[in-house]
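Participant: So in the working numbering the end of the sequence shown lands on 194, straight run, no missing numbers.
Cβ atoms here follow ideal geometry from the backbone N, Cα and C, with glycine treated the same way.
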Amino acid sequence: MSAAAFIKEFCHNWQTIGAIAPSSPALAERMMEVTGVWQAQRVLELGPGTGSFTSAIADVMPHEADYLGIELNNSFVEQLRPRFPRMRFECAGAQEFDFSGVLPEGKKFDTIISGLPWTAFPRCLQESILSNVLPHLAPGGCFATFAYWGFHHLPSGQRFRSLLHELTHGVETSRVVWRNLPPACVYIARKA
């Protein structure tokens with residue numbers, strides 16, 4: 003997707019897109035470094051958007067791995083499906099998605115990567131999404147998302163990090179990725 007098309011979608015759906023530009027290759031690379039996607043058998047991506055992280059996931063995940071991308075913006079989903087034909091994309095809200103139809107009995111995701119604009123969400127939506135998604139993360143599995151540098155110090159950023167810390171084994175923060183607009187860091191949380 004071109005930058006102009008992304009900006010057009012942002013202008014029409016700014017409440018759900020939450021970014022002024024797609025994530026950079028440098029941020030996608032950092033996300034792959036910290037999540038262990040290369041050894042995952044099942045990967046969930048929340049909010050794949052234009053596919054910045056999706057492309058990096060496709061490059062490093064094992065060929066036999068299963069991937070599911072949940073995206074609220076149908077325009078993005080329609081553009082992702084032909085670009086990544088062996089990956090599955092569903093147009094839905096992560097807080098309401100029924101995982102029973104996509105996960106084999108007793109199986110969970112090894113890695114969950116999120117591109118959702120967490121700090122733009124009210125706490126009730128943050129809780130709703132995490133309470134629907136985190137139960138499907140395997141023990142020892144990795145949940146990763148990013149926060150824009152500086153914004154993570156705002157009350158909404160602190161609130162989200164605190165919530166994530168409550169619901170997982172703890173939260174680590176990567177080094178800042180300066181080659182992103184705006185600069186960002188990755189939050190890594192593991193399930194006990």
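If you run the structure through DSSP and keep just helix, strand and coil, what is residue 122?
Facilitator: It is helical.
Participant: By the three-class DSSP mapping on this structure, what secondary structure does residue 193 have?
Facilitator: Residue state, collapsed to three classes: coil.
Participant: Quick check on DSSP: helix, strand or coil for residue 183?
Facilitator: In this structure, residue 183 counts as coil in the three-state DSSP scheme.
Participant: Using a Cβ-Cβ cut-off of 6 angstroms (strictly less than) and excluding sequence neighbours within five positions of residue 183, which residues of its own chain qualify?
Facilitator: Excluding sequence neighbours, residue 183 sits near 23.
Participant: Mind checking whether residue 186 and residue 148 have CB atoms under 7 angstroms apart?
Facilitator: Closer than 7 angstroms, so yes.
Participant: Along the chain, where does the beta strand (DSSP E) that runs through residue 174 open and close?
Facilitator: From DSSP, the beta strand (DSSP E) with residue 174 extends over 173-175.
Participant: So for residue 83, helix, strand or coil by DSSP?
Facilitator: Helix.
Participant: Among residues of its own chain, excluding the 5 on either side of residue 159, which ones have a beta-carbon nearer than 7 angstroms to its beta-carbon?
Facilitator: Here the set comprises 121, 149 and 153.
Participant: From residue 109 to residue 124, what distance separates their C-alpha atoms?
Facilitator: Using only the alpha carbons, I get a separation of about 30 angstroms.
Participant: Find the nearest neighbour of residue 34 within the set 44, 115 and 97, judged by alpha-carbon distance.
Facilitator: Out of 44, 115 and 97, 115 has the C-alpha closest to the C-alpha of residue 34.
Participant: Looking only at DSSP bridge pairs, what is residue 72 linked to?
Facilitator: The partner list for residue 72 (beta bridge, DSSP) reads 48 and 92.
Participant: Helix, strand or coil for residue 166, going by three-state DSSP, please let me know.
Facilitator: It is helical.
Participant: State the DSSP-derived secondary structure class of residue 17, mapped to helix, strand or coil.
Facilitator: The pLDDT assigned to residue 17 is 49, lower than 50, so where the model puts this residue is not dependable, and the model offers no usable value.
Participant: If we count the other Cβ atoms within 10 Å of its Cβ and call it buried at 16 or more, is residue 56 buried or exposed?
Facilitator: The residue in question, residue 56, is buried, as its Cβ has 16 or more Cβ neighbours within 10 Å.
Participant: DSSP state of residue 156, grouped into three classes?
Facilitator: Note: residue 156 maps to coil in three-state DSSP.
Participant: Please classify residue 5 as buried or exposed, where buried requires at least 16 other C-beta atoms within 10 Å of its C-beta.
Facilitator: Residue placement at residue 5 is flagged as unreliable, the pLDDT there being 46, under the threshold of 50; a coordinate-derived value is accordingly withheld.
Participant: How should residue 54 be labelled, buried or exposed, when 16 other C-beta atoms within 10 angstroms of its C-beta is the threshold for buried?
Facilitator: Looking at its Cβ environment, which holds 16 or more other Cβ atoms inside 10 Å, residue 54 is buried.
Participant: Tell me whether the region 136-145 and the region 69-89 touch, counting them as touching only if at least three CB pairs, one residue from each stretch, are closer than 8 angstroms.
Facilitator: Output reads no: the region 69-89 does not touch the region 136-145.
Participant: Do the CB positions of residue 32 and residue 179 come within less than 7 angstroms of each other?
Facilitator: Yes, these two residues count as a Cβ contact at 7 angstroms.
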